[in-house]
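Have a look at the structure below before the remarks.
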Amino acid sequence: MYKEQDFDLARNIKAIEWLKTEIVINAGQVCRTLLSGKNELVLRALADIMLSCYLLARRLGFSYSRLENEVQRRTQEARGTNHELEQWYSDLSNLAEHLEARRK
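Mapped onto this note's numbering, the consecutive letters of the sequence shown carry residue numbers 111 to 214.
Right, here's the structure in full:
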């Protein structure tokens, strides 16, 4: 007989697969909405990707704060590699400042 934990495991696997699919779908949605020129739709698609990433991290056993810490760490790491977006626009520095301000 199946135990309740077996159903929880199966449900978690299903949720993980669903979230992975959502990330891919929403990445495509970003591309489509960029063509439409509707900023609110682009923003919504980007937010949906972030939401799915947070939820996927949680399903994989990572806390939201651990994910944010890793994003902050990776941002700092990328700043030191002469990343083109950092050279051209200081995007990584701006993101690092934003993430640091949110932590306070």
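Even for Gly, the Cβ is constructed at its ideal location relative to N, Cα and C.
E210 counts as exposed, since fewer than 16 other C-beta atoms from the protein chains shown sit within 10 angstroms of its C-beta.
Distance from the Cα of I133 is smallest, within the candidate group D118, L161 and T191, for L161. In the three-state reduction of the DSSP assignment, G147 falls in the coil class, being assigned neither a helical nor a strand state. DSSP assignment within the segment 161 to 214 yields the following whole alpha helix (DSSP H) runs of 4 residues or more, N-terminal first: 174 to 189, 194 to 199 and 201 to 213. The shortest C-alpha to C-alpha distance from V181 to any of S203, R169, K130 and W198 is the one to S203.
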